[in-house]
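Worksheet: the structure to be examined is printed underneath.
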Amino acid sequence: MLGAARAAARAIRVALVEDNIYAAQKAFNAYQGPSRLPLTALVHATIRTRRPMAAAIAVESHLENAKSLRTPTLQAYILSLASSEPQIIPSETTHTPVTAALTVLAAARRSRQQQRTTHMYDAAIRACLLQGELLTGSLLFVLLVRDWQNRHRDAPVEPPDSPPDTTPISPSPLEKWNRSFPTSFTSPIPPEAPVPPFPSPHLMETIIAALDLRPRPHPQTTHDLPPGRPPDSILALAHLTRLFTDQVLPFSRHAALLNALARTPPTVDKVESYFHGVLRQMCRSPPLLDTRSYNVLINYSLSTVRRPSWAERLVDHMSTVRKPPVRITDATRAIIARGEAKLREPGLAARILSHIDARGHSTRLPTNSAPPAPPPIPVHNLAVIRRNLNLLAAHIHNLTSLGTPTQVLGLVNTLVPNLHIPPIGVNPRNQHTLRRVLELGPTVLTSLLNALCKSGKTGLAERIHRFGILAEQVNPSFGLPLAFHTTILQLYARESRKGLVIIEPKPSPLAPPHKVKAIVDAGSLLSPTPALAKSVVRGWGYDAPTPGGRTHRGIKRWALARSAAAHIYLTYIRPRFLLSADTQTQYRPDARLFNALFDVFGRRPNMLLRTHLSKIARTRAKRQGTSGIPKQSDAFVQVLVKDMVAVGMQEDVPGGWSHFIPTNRAMFDYSARNVLDAADRVRNSVVPSGRWKVRETRLRMRFRSHQRAKIWRRLVPLRKQTQFRQCLEYERVKPRRRLSHLLILSERSFRRELAKGQQALDKEIDLNGVDGNRERMNARREEDIKSRKELRRARIEMQRALAQFGLRMKHNKGRNKSVRKRWLVVHDKLRRLERLKLKNGKYSEVWLGKGQTMSGRRVTNTPRVASIPRKLSSQKMSPETEKRATQGTRRRVPVSRKRNTGRPEKRLSMKQKQHNRALSVYR
1 MLGAARAAAR AIRVALVEDN IYAAQKAFNA YQGPSRLPLT ALVHATIRTR RPMAAAIAVE
61 SHLENAKSLR TPTLQAYILS LASSEPQIIP SETTHTPVTA ALTVLAAARR SRQQQRTTHM
121 YDAAIRACLL QGELLTGSLL FVLLVRDWQN RHRDAPVEPP DSPPDTTPIS PSPLEKWNRS
181 FPTSFTSPIP PEAPVPPFPS PHLMETIIAA LDLRPRPHPQ TTHDLPPGRP PDSILALAHL
241 TRLFTDQVLP FSRHAALLNA LARTPPTVDK VESYFHGVLR QMCRSPPLLD TRSYNVLINY
301 SLSTVRRPSW AERLVDHMST VRKPPVRITD ATRAIIARGE AKLREPGLAA RILSHIDARG
361 HSTRLPTNSA PPAPPPIPVH NLAVIRRNLN LLAAHIHNLT SLGTPTQVLG LVNTLVPNLH
421 IPPIGVNPRN QHTLRRVLEL GPTVLTSLLN ALCKSGKTGL AERIHRFGIL AEQVNPSFGL
481 PLAFHTTILQ LYARESRKGL VIIEPKPSPL APPHKVKAIV DAGSLLSPTP ALAKSVVRGW
541 GYDAPTPGGR THRGIKRWAL ARSAAAHIYL TYIRPRFLLS ADTQTQYRPD ARLFNALFDV
601 FGRRPNMLLR THLSKIARTR AKRQGTSGIP KQSDAFVQVL VKDMVAVGMQ EDVPGGWSHF
661 IPTNRAMFDY SARNVLDAAD RVRNSVVPSG RWKVRETRLR MRFRSHQRAK IWRRLVPLRK
721 QTQFRQCLEY ERVKPRRRLS HLLILSERSF RRELAKGQQA LDKEIDLNGV DGNRERMNAR
781 REEDIKSRKE LRRARIEMQR ALAQFGLRMK HNKGRNKSVR KRWLVVHDKL RRLERLKLKN
841 GKYSEVWLGK GQTMSGRRVT NTPRVASIPR KLSSQKMSPE TEKRATQGTR RRVPVSRKRN
901 TGRPEKRLSM KQKQHNRALS VYR
């Protein structure tokens, strides 16, 4: 049997050396004896030839048959499957190497003889994280911890009883989405199986490092997930938090997990409240933790929750209650000092640490020994601080945050000597200073630069910044953070603001009620104040490049600040963005960086504030913008906007420069959910305040992603209940919408054909001329149109004559003859108007007797023949009829009559009678 196994193993090796994988598989399948030696040969050969997928089915079948492989062999095989190096995958398989590694690892878990190692789980988890499978990697670690818990049933050390917490913790996102531990499809390990590997804390730290916990401007726009479901990073963090709250993690190194819980971004469903509830519970009753975990909780209680009592309780727990107690390190002191600066409570750190020292707890020894002697010097003395660079940086930051940055000026020459020597290259004069900068490190250098900027020492801050850049060029491992460059940019923004002032015109009666304000150079004022008169740069900017190669003598403050800021951004910041992969230290830009740049380049001389422009100025600017004339904006602002779009901060571009955003139509998503989100965002838009509409001319231009996320979180739950229903309804009505579109098209084509047929019929009728009825209708229509035009013309002439007559009577400028003549003309116009009305059949004449007639509107619908119209003026009238018509017409002129009261009637003059007659006719 052994000889046959060796022969099969030799045949498998020879086939794989000749690159004949099918012959090797055929030789392995032909062997009928114990398969451990041939399988080992097949596994080793596939690993050497980079064909691990060829042995996946054989290894899985071998483990399922209650057999085992050597532990190093199985470990090497899983490492080769999970490796990121190129592999030769057979074309007939549909699985990936990572899927095969997980399948083999699951078969080894169910086996009763196969031993597993931590390296196997580490390789499988790293492969899952490399492919973006965060949930799979976290569940694999959860499975390992549960196996360890089932095998080691010893109860963990319980902390002392604490008073019950009255504030309940929010429900876990796993309970909301039924994503709890999958015990239904994972069978328990056999009782006689080997001991599972220890769940090392570095596995959990690897998973946490791969989670994407950055805040999103619009946390509800997750197109690849159902509406309202948290991302995979949140669910994976919830799995790990469940292990921590159940106290099944067999180690006390939880600093990475607590840090992840503290920086969870806000979401739509307020999932972060669950994680913050866990942190609050740990601060009230902490379990057994290590020093780093205690430091994280102390920092959370001082920075986020702002509860100094919780920090004092944690310090007391780690030094007194815990058995054995842990050491209060310098990092703990630095965290407490930073918390004192953030809370703006001077003496908080000294109170907490002196309270601990007074109770006899040593901060240097690992155990609680006898009470030491009281320290002869204060805690914050320089002799103690210089032993730890982090504590020194915290002390400088503490002084700066408490509003006393000038106290740091006495330490500058001690920490960084010989600052009077310009940092131009490495030379023997500045070697000592450069060596001291390398000893201090980037953290202390950033704190020192911040203190100098807050003190207003622009020259010293520039020299510190130049020495830091020179140290980074000498030693590439000396990586300066982005905050180091952001601080000097904020200083240049303040210097630029000093050189530009806002003016408004003098009060004038001709000026509009709103005064147009403008930004001008401080040196161009006729009578500047003593502070504004010093607009020329002195003491800084000696090595900043100037536009056009100008000399620094006499250059304006704002111009030099712009040149220096542009040089720093283009030389030291922009090449290190995440877009370029050839740099060692990559920067992730934030809001503080672009706010500082917008403060520098957002203002320029001779620029009007848009919020104070008049209507005429707004119209002129709009006309210039639409006519192709370039707007008066800095070209560097367009570079900044494009960089913001490139690094993924398009949503944070200020509204005043949103027209610089390039349109990328190729990447636009026209899916149903995106369309619904865009439509709902338009209907329920977040209306910003007036100061947020145009950021270009405002003195304070700030955007904060977390505030925008809070706004969206406040507004989104109002529509969350109907969003998923809208998505389903949109997909459901697609066929109905398509059918209605086809019906509309068919109706249009039918109407088009009907119109063509009608046109052909009209053409045929015109050619033959057989439609007599249409000719009669057209003739009657033309006659009506002609009569209507004559009636309109007569009415216009009548109104014009009445107006002229009334005007002459009002001014009394005409004589009696002209008045009589005008009155006859008006009367003639009236007769013509009545005849035209009778002609159209709209009025009828009624005989009143005694030679009087009255014309009125026809009420009945009788035809025109039944009416008795008056004869036209062109026809000849009989003398009697003409006389009767003339008398009736003259009687219609109203005169002033009075009732017969028995008194003699008062006689009127001729002018008064004519005036009364004219008024009656006008009425």
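Under UniProt numbering, the residue at position 84 of the sequence shown is numbered 84, and the numbers go up by one with no gaps.
Every residue gets a Cβ at the ideal spot worked out from N, C-alpha and C, and that includes glycine.
message = Need the endpoints of the beta strand (DSSP E) that V520 sits in, please.
response = On the sequence shown, residue 520 is found 520 positions in, with the first residue counted as 1. Where V520 is concerned, the enclosing beta strand (DSSP E) starts and stops at 518-521.
query = Among M318, R344, V437, which has the Cα closest to the Cα of L353?
reply = The residue given as residue 353 occupies position 353 in the sequence shown. Residue M318 holds the alpha-carbon nearest to the alpha-carbon of L353 among M318, R344, V437.
request  = Using the Cα positions of L392 and T96, report the straight-line distance between them to the nearest angstrom.
outcome  = The residue labelled residue 392 in the question sits at position 392 within the sequence shown. The residue labelled residue 96 in the question sits at position 96 within the sequence shown. So the two alpha carbons sit approximately 52 Å from each other.
Collapsed DSSP secondary structure at V248 in the structure displayed = Stepping through the sequence shown from its first residue, residue 248 is reached at position 248. DSSP places V248 outside both helix and strand once states are collapsed to three, so it counts as coil.
ask   = If we ignore side chains and look at the alpha-carbon of each, how far apart do A58 and V195 end up?
value = As a working mapping, residue 58 is identified with position 58 in the sequence shown. As a working mapping, residue 195 is identified with position 195 in the sequence shown. If you take the alpha carbons of A58 and V195, they lie about 25 Å apart.
inquiry  = I need the DSSP call for Y587, collapsed to helix, strand or coil.
reply    = For this step, residue 587 is matched to residue 587 along the sequence shown. Strand at Y587.
query = Taking DSSP as the reference, what is the three-state secondary structure of L16?
reply = Translated into positions along the sequence shown, residue 16 becomes position 16. In the three-state scheme derived from DSSP, where H, G and I count as helix and E and B as strand, L16 is classed as helix.
ask   = Going by other Cβ atoms of all chains shown within 10 Å of its Cβ, with 16 needed for buried, is I496 buried or exposed?
value = To locate residue 496, count along the sequence shown from 1; it is residue 496. The sequence given here places Ser at residue 496; Ile does not occur at that position. Answer is buried; the Cβ neighbour count reaches 16.
query = What is the residue span of the alpha helix (DSSP H) that I336 lies within?
reply = Indexing the sequence shown from 1 puts residue 336 at position 336. I336 -> alpha helix (DSSP H) spans 330-343.
key: Cβ neighbour criterion (16 or more within 10 Å) applied to S111   = By 1-based counting over the sequence shown, the position of residue 111 is 111. With 16 or more Cβ atoms within 10 Å of its Cβ, S111 is classed as buried.
message = Mapping the DSSP letters down to three states, classify I744 as helix, strand or coil.
response = Here the question's residue 744 lines up with position 744 in the sequence shown. DSSP places I744 in helix when its eight states are reduced to three.
inquiry  = Count Cβ pairs between the region 748-762 and the region 782-799 that sit closer than 8 Å; are there 3 or more?
reply    = No, because fewer than three Cβ pairs between the region 748-762 and the region 782-799 fall closer than 8 Å, the two stretches do not touch.
request  = May I ask which residues mark the beginning and end of the beta strand (DSSP E) holding V326?
outcome  = Counted from its first residue, the sequence shown places residue 326 at position 326. Run containing V326: none; DSSP gives neither H nor E here.
key: Where the alpha helix (DSSP H) containing I502 begins and where it ends   = In the sequence shown, residue 502 corresponds to position 502, counting from 1. Counting along the chain, I502 falls outside any alpha helix (DSSP H), though it belongs to the beta strand (DSSP E) covering 500-503.
ask   = Which value, in whole angstroms, describes the spacing of the CA atoms of N606 and A461?
value = What you label residue 606 is simply residue 606 of the sequence shown in a count that begins at 1. What you label residue 461 is simply residue 461 of the sequence shown in a count that begins at 1. Cα atoms of N606 and A461: separation of roughly 30 Å, rounded to the nearest angstrom.
query = Which two residues bound the contiguous alpha helix (DSSP H) that contains I555?
reply = Taking the sequence shown and counting its residues from 1, the one referred to as residue 555 is at position 555. Neither: I555 is in no alpha helix (DSSP H) and is coded neither H nor E.
query = Count the other CB atoms within 10 Å of the CB of A559; is the residue buried (16 or more) or exposed (fewer)?
reply = Reading the sequence shown from its first residue, position 559 is the one you call residue 559. By the neighbour-count criterion, in which 16 or more other beta carbons inside 10 Å mark a residue as buried, A559 falls on the buried side.
With 16 other Cβ atoms within 10 Å as the buried cut-off, status of F251 = Residue 251 sits at position 251 when you count from the first residue of the sequence shown. Its Cβ having fewer than 16 others within 10 Å, F251 is exposed.
ask   = How about V501 and R562: are their beta carbons less than 8 Å apart?
value = Residue 501 sits at position 501 when you count from the first residue of the sequence shown. Residue 562 sits at position 562 when you count from the first residue of the sequence shown. With contacts defined by Cβ atoms closer than 8 Å, V501 and R562 do not form a contacting pair.
query = Are there 16 or more other CB atoms within 10 angstroms of the CB of V687, so buried, or fewer, so exposed?
reply = Locating residue 687 in the sequence shown gives position 687, where the first residue counts as 1. Any reading at V687 must be qualified, since the residue scores a pLDDT of 44, below 50, and its modelled position is unreliable; the value itself is stated next. Per the 10 Å Cβ criterion, exposed.
query = Name the DSSP beta bridge partners of M798, please?
reply = Along the sequence shown, one-based indexing puts residue 798 at 798. Answer is none; M798 lacks a bridge partner.
Integer Cβ distance of G492 from A591, believed to fall under 8 Å = The residue you call residue 492 lines up with position 492 of the sequence shown. The residue you call residue 591 lines up with position 591 of the sequence shown. One point to set straight first is that residue 492 is Tyr, not Gly, in the sequence displayed. Between A591 and Y492 the Cβ distance is about 17 Å, and since that is not below 8 Å, they are no contact.
ask   = Under 8 Å, do T267 and P230 count as touching if we go by C-beta distance?
value = By 1-based counting over the sequence shown, the position of residue 267 is 267. By 1-based counting over the sequence shown, the position of residue 230 is 230. A distance below 8 Å separates the beta carbons of T267 and P230.
ask   = How big is the Cα-Cα spacing for M777 and V733?
value = Along the sequence shown, one-based indexing puts residue 777 at 777. Along the sequence shown, one-based indexing puts residue 733 at 733. Their backbone Cα atoms lie some 51 Å apart in a straight line.
task = Could you tell me which of R832, F805, S746, A779 sits nearest to R795, measuring between CA atoms?
result = Against the sequence shown, residue 795 aligns to sequence position 795. Minimum Cα-Cα distance from R795 among the listed residues R832, F805, S746, A779 corresponds to R832.
ask   = L807: buried (16+ other C-beta within 10 angstroms of its C-beta) or exposed?
value = Reading the sequence shown from its first residue, position 807 is the one you call residue 807. Counting the other Cβ atoms within 10 Å of the Cβ of L807 gives fewer than 16, which makes it exposed.
inquiry  = If you reduce the DSSP assignment to three classes, tell me which class M607 lands in.
reply    = By 1-based counting over the sequence shown, the position of residue 607 is 607. M607: strand per DSSP, three-state reduction.
message = So, at 8 Å on beta carbons, what are the nonlocal neighbours of R48 in its own chain, with the 5 sequence-adjacent residues on each side left out?
response = Numbered from 1 along the sequence shown, position 48 holds the residue referred to as residue 48. Here the set comprises L16.
query = With a Cβ-Cβ cutoff of 8 Å, do N295 and A337 count as a contact?
reply = Mapped onto the sequence shown, residue 295 falls at position 295. Mapped onto the sequence shown, residue 337 falls at position 337. No, they are not a contact pair.
message = With a threshold of 8 Å between beta carbons, is S477 in contact with chain C?
response = Protein chain content of the structure displayed is limited to a single chain, and chain C is not contained in it.
Heavy atom of the ligand MN within 7 Å of A635 beta-carbon = As for the ligand MN, it is missing from this structure, which has no ligand bound.
request  = Under 8 Å Cβ to Cβ from R903, same chain only, skipping five residues before and after it: list those, please.
outcome  = Translated into positions along the sequence shown, residue 903 becomes position 903. Because the pLDDT of R903 is 49, which lies under 50, any placement of that residue in the model is unreliable, and the number read from its coordinates should be weighed accordingly. Excluding sequence neighbours, R903 sits near nothing in its chain.
task = Please report the residue range of the alpha helix (DSSP H) in which T40 lies.
result = By 1-based counting over the sequence shown, the position of residue 40 is 40. That run of the alpha helix (DSSP H) goes 36-48.
request  = Please classify F577: does DSSP put it in a helix, a strand, or coil?
outcome  = The residue given as residue 577 occupies position 577 in the sequence shown. The DSSP-derived three-state label of F577 is strand.
key: Cβ-Cβ separation, I568 to H485 (assumed contact under 8 Å), whole Å   = Here the question's residue 485 lines up with position 485 in the sequence shown. Here the question's residue 568 lines up with position 568 in the sequence shown. A Cβ-Cβ distance of about 6 Å is found for the pair H485 and I568, placing them in contact under the 8 Å criterion.
ask   = Run through DSSP, which three-state label would L289 get?
value = Within the sequence shown, the letter at position 289 stands for residue 289. Under the three-state reduction of DSSP output, L289 falls in the coil class, being neither helix nor strand.
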